[in-house]
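Asks: Encoded as structure tokens, here's the structure I'll be asking about.
In the working numbering, the protein residues as written are 1 to 320.
Below is the structure:
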């Protein structure tokens with residue numbers, strides 16, 4: 001796989017500093033039951049990295065900081081970590097909002113028959129990968145049979161109340177483009193998804209979040225192989241919108257890897273660009289004082305243009 005960090009380090013991206021920290025985004029490991037082309041984590045079935053109980057306990061301790069309100073759990077398929085349910089229950093017991101970044105097909109894996117009911121019982125918000133409402137497009141990006149498995153999972157979630165008015169169970173879908181292009185306007189695409197999934201599959205959801213593909217890991221390597229890397233970076237830079245700097249996710253979110261090390265965002269984690277924290281070369285959860293991060297400089301490289309191009313892009317969808 002081609003390394004993309006050397007192509008991103010020489011940057012003119014504007015300097016950024018942190019606002020108050022509200023969200024801890026925790027990667028429980030890179031093992032996944034899928035291996036998607038666009039995956040910036042390079043996750044897959046053969047990955048072995050998994051967060052151990054000692055580190056999970058450290059996450060729980062950090063969540064006691066009063067300004068933290070959200071735990072955003074990601075992977076890989078985070079549900080494959082054997083401590084996933086323990087972490088969810090501990091966070092919910094503290095009144096923390098929990099988001100599970102779910103690939104949907106994990107709900108159909110052997111041994112996960114009770115997973116959807118567990119998520120519903122604990123009021124976990126689900127952000128579910130769904131790169132298109134067309135079967136052929138989904139399967140071309142994520143593998144044969146993924147669309148039908150995803151629809152099966154969505155119907156189960158709907159039956160439990162997810163996406164249903166008044167249930168309080170939030171089901172958001174996540175879209176990313178199929179190639180080296182910016183995502184379309186979120187509002188219009190959401191209307192298309194809502195109409196097509198309801199008519200074709202009888203599926204409902206709360207919101208559609210759009211995410212630009214980041215020029216790192218598996219997707220970035222594919223761009224290099226196809227000779228498209230420079231062109232995609234030019235596209236991102238030409239679409240830069242300075243107003244998006246105020247709401248990029250790295251200002252209020254902190255990313256934690258499977259070993260407990262800290263990064264400004266999930267993308268920096270995948271590029272091995274640690275949080276800049278005093279004289280510590282690689283800050284860890286045990287070094288974290290959440291209330292002391294405000295004003296801390298954010299580590300930036302050229303991939304940051306991916307979050308600020310056009311309507312903007314973040315784990316919470318479009319910025320504008």
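Every residue, glycine too, gets a C-beta built ideally from N, C-alpha and C. Note that the structure is predicted; figures quoted are calculated from it, not measured.
#1: Out of 52, 128, 185 and 231, point me to the one whose CA is closest to residue 77's CA.
#2: Nearest to residue 239 by CA position, among 68, 107 and 181, is which residue?
#3: Taking the alpha-carbon positions, what's the residue 221 to residue 166 distance?
#4: Please say whether residue 89 and residue 115 have beta carbons closer to each other than 7 Å?
#5: Pull up the DSSP beta-bridge partners for residue 209, would you.
#6: Using the rule of at least 16 other Cβ atoms within 10 Å of the residue's Cβ for burial, across every protein chain shown, is residue 302 buried or exposed?
#7: Give the secondary structure of residue 201 by DSSP, where H, G and I count as helix, E and B as strand, and everything else as coil.
#8: In this structure, how does DSSP classify residue 68 when only helix, strand and coil are distinguished?
#9: So, is the C-beta of residue 184 closer than 7 Å to a C-beta in chain D?
#10: Using the Cα positions of residue 300 and residue 15, report the straight-line distance between them to the nearest angstrom.
#11: Once you ignore the five residues that flank residue 49 on each side, which residues in its own chain have a CB closer than 6 Å to its CB?
#12: Note down, in chain order, each residue of its chain lying with its Cβ closer than 6 Å to the Cβ of residue 315, except the 5 sequence neighbours on either side.
#13: Go ahead and pull the three-state DSSP assignment for residue 79.
#14: Quick one, which of 264, 241, 276 and 216 has its alpha-carbon nearest residue 3's?
#15: Can you tell me whether residue 242 is buried or exposed? The criterion is at least 16 other CB atoms within 10 Å of its CB, across all chains shown.
#16: Identify the continuous alpha helix (DSSP H) that holds residue 150 and give its terminal residues.
#17: Taking just the CA atoms, how far does residue 150 sit from residue 197?
#18: Can you tell me the Cα-Cα spacing of residue 266 and residue 200, whole angstroms?
#19: Within the continuous beta strand (DSSP E) that includes residue 125, where are the two ends?
#20: Using the Cα positions of residue 370 and residue 162, report the straight-line distance between them to the nearest angstrom.
#21: Tell me residue 297's beta-bridge partners as DSSP assigns them.
#22: Pick helix, strand or coil for residue 262, following the three-state DSSP scheme.
#23: Helix, strand or coil: which one does DSSP assign to residue 306?
#24: Can you tell me whether residue 257 is helix, strand or coil according to DSSP?
Replies: Well, looking at it:
#1: Taking the first residue of the chain shown as position 1, residue 77 is located at position 77. Of the listed residues, the one whose Cα sits closest to residue 77 is 128.
#2: Position 239 of the chain shown, counted from the start, is the residue given in the question as residue 239. The shortest C-alpha separation from residue 239 is found at 181.
#3: Translated into positions along the chain shown, residue 221 becomes position 221. Translated into positions along the chain shown, residue 166 becomes position 166. Distance between the alpha carbons of residue 221 and residue 166 is about 44 Å.
#4: Counting from 1 along the chain shown, the entry for residue 115 is found at position 115. Counting from 1 along the chain shown, the entry for residue 89 is found at position 89. No, the Cβ-Cβ distance between residue 115 and residue 89 is not below 7 Å.
#5: Taking the chain shown and counting its residues from 1, one reaches residue 209 at position 209. DSSP, once it has assigned bridges, lists 174 as partnering residue 209.
#6: Against the chain shown, residue 302 aligns to sequence position 302. Buried, since its Cβ has 16 or more Cβ neighbours within 10 Å.
#7: Within the chain shown, numbered from 1, the residue matching residue 201 stands at position 201. Correct three-state label for residue 201: helix.
#8: As a position in the chain shown, residue 68 is number 68, starting the count at 1. Three-state DSSP puts residue 68 in coil, outside helix and strand.
#9: Here there is only one protein chain, and chain D is not present.
#10: Here residue 300 is taken as the residue at index 300 of the chain shown, counted from 1. Here residue 15 is taken as the residue at index 15 of the chain shown, counted from 1. Cα to Cα, residue 300 sits roughly 7 Å from residue 15.
#11: Stepping through the chain shown from its first residue, residue 49 is reached at position 49. Counting only Cβ-Cβ distances below 6 Å, and skipping sequence neighbours, we find 29, 30 and 258.
#12: Here the question's residue 315 lines up with position 315 in the chain shown. These residues qualify, in order along the chain: 249.
#13: Here residue 79 corresponds to residue number 79 of the chain shown, with the count starting at 1. Helix at residue 79.
#14: Counting from one through the chain shown, the residue named residue 3 turns up at place 3. It is 216.
#15: Stepping through the chain shown from its first residue, residue 242 is reached at position 242. Exposed, by the Cβ-count rule.
#16: For the purposes of this step, residue 150 is identified with residue 150 of the chain shown, where counting begins at 1. Unbroken alpha helix (DSSP H) run through residue 150: 146-159.
#17: Here residue 197 refers to the residue found at position 197 of the chain shown. Here residue 150 refers to the residue found at position 150 of the chain shown. Residue 197 and residue 150: Cα-Cα distance of roughly 12 Å.
#18: Here residue 266 is taken as the residue at index 266 of the chain shown, counted from 1. Here residue 200 is taken as the residue at index 200 of the chain shown, counted from 1. Cα-Cα distance, rounded: 34 Å.
#19: Locating residue 125 in the chain shown gives position 125, where the first residue counts as 1. 125-129 is the extent of the beta strand (DSSP E) around residue 125.
#20: The structure shown does not extend to residue 370, since the chain is modelled only from 1 through 320, so no value can be given for it.
#21: Here the question's residue 297 lines up with position 297 in the chain shown. Residue 297 pairs with 17.
#22: In the chain shown, counting from the first residue as 1, residue 262 sits at position 262. Strand.
#23: The sequence position of residue 306 within the chain shown is 306, counting from 1. If DSSP states are grouped into helix, strand and coil, residue 306 belongs with the helices.
#24: Along the chain shown, read from residue 1 onward, the residue named residue 257 stands at position 257. It is coil, neither helix nor strand.
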